[in-house]
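With this note's numbering, the residue at position 157 of the sequence shown is 1472, and numbering never jumps.
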Amino acid sequence: MNIKIIDLTRSLKDGTEAYPGDHVGLHVKQLARVESDGYNLSSFTHLEAHCGTHIDSPLHFVAGGTDIAVLPLKMPSVVVVTAKDREIGPEVFASASNLTNCAVLVCTGWDQEIGSKEYYQNSPYLTPVAAQLLVDRKIAVLGIDFPSPDPIDSEGYPVHHILLDAGIPIVEGLVGLNQLNNTRVTQYFAAFPIKVAGIEGSPVRAAVIVLDE
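Structure follows, in structure tokens:
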């Protein structure tokens, strides 16, 4: 069996922005340098939970919901869905035969806009009807290559509520989903957060594990 790991994570650096793109989500401070101290040592002086590629747990919008530390670690099978329009409706998922207990990864190519003003302001989004379809079909997790399943000017964040109320985590800000579109072997999705109790989100190292038997 051949195992291949495809990294779907955005690299973070000092000054990386956080949602909705108007403030810094990460500051990195150098505490020691090998040239002067004999070793390198750094700290995160600020790391926002919703910076870069990250996961939303139900606690993000559900009072008393599951937090990041309790969120079960899973590696569900992958279903990749391609969407071309900014508004992603239920018809996008209609052709997928089985979504139950799967990681549904929505590939729009919007990760190419990272660093531009457009990335947050005009990003794709799901309709509430599409979100409810995913709940009804009992998906395990939703992954997207854009910053939020709701539009940036959303009132009430209905898609977040529909998915998180049903206990379905959301992984936002994936990159490189186009690498998966033509893969026809067994694939599993992993997006493991930092284990911090009592918080609603965390950056993740997201990847697809490809098994070619």
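For every residue, glycine included, the Cβ atom is placed at its ideal position computed from N, Cα and C.
Every value quoted in this text rests on a predicted model; they were computed, and no experiment measured them.
Item: Can you tell me whether F1504 is buried or exposed, with buried defined as 16 or more other CB within 10 angstroms of its CB?; Value: buried
Item: Where in the stretch 1317-1371 do unbroken runs of the beta strand (DSSP E), each at least 3 residues long, occur, reported from the N-terminal end onward?; Value: 1317-1322, 1341-1347, 1356-1362, 1369-1371
Item: With a threshold of 6 Å on Cβ separation, who are the neighbours of G1380 within its own chain once the five nearest residues in sequence on each side are excluded?; Value: P1373, L1374
Item: Do V1394 and L1414 have their C-beta atoms within less than 7 Å of each other?; Value: yes
Item: Please report the straight-line C-alpha distance between L1362 and H1369, rounded to a whole angstrom.; Value: 12 Å
Item: Using beta carbons (cut-off 7 Å, strictly below), is S1392 in contact with chain D?; Value: Protein chains in the displayed structure number just one, and chain D is not present.
Item: Take P1443 as the anchor and find which of L1478, A1384, I1514, P1387 has the nearest alpha-carbon.; Value: L1478
Item: Are the CB atoms of P1508 and G1488 nearer to each other than 7 Å?; Value: no
Item: Report, in whole angstroms, the separation of the C-beta atoms of G1367 and T1423, which I expect to be a contact under 8 Å.; Value: With a Cβ gap of about 18 Å, G1367 and T1423 do not count as contacting.
Item: Label G1513 either buried or exposed according to how many other C-beta atoms from any shown protein chain fall within 10 Å of its C-beta, with 16 as the threshold for buried.; Value: exposed
Item: Mark F1359 as exposed unless 16 or more other C-beta atoms lie within 10 angstroms of its C-beta, in which case mark it buried.; Value: exposed
Item: Does the contact criterion of 3 or more C-beta pairs under 8 Å hold for the stretch 1433-1452 versus the stretch 1466-1477?; Value: yes
Item: Just the C-alpha distance for V1523 and N1416, rounded to the nearest angstrom, thanks.; Value: 16 Å
Item: Quick check on A1347: buried or exposed, where buried means 16 or more other Cβ atoms within 10 Å of its Cβ?; Value: exposed
Item: Excluding the 5 residues flanking P1335 on each side, which residues of the same chain have their C-beta closer than 7 Å to its C-beta?; Value: Y1435, I1467
Item: Around the Cβ of T1501, are there at least 16 other Cβ atoms within 10 angstroms (buried) or fewer (exposed)?; Value: exposed
Item: Hey, D1371 and I1454: beta-carbon distance below 7 Å or not?; Value: no
Item: Ordered along the chain, which non-local residues of its own chain (more than five positions away) have a Cβ less than 8 Å from that of P1464?; Value: Y1440, L1441, A1446, L1457, V1474, H1475, L1478, I1485, E1487
Item: Which of the three DSSP states is assigned to L1492 in this structure?; Value: helix
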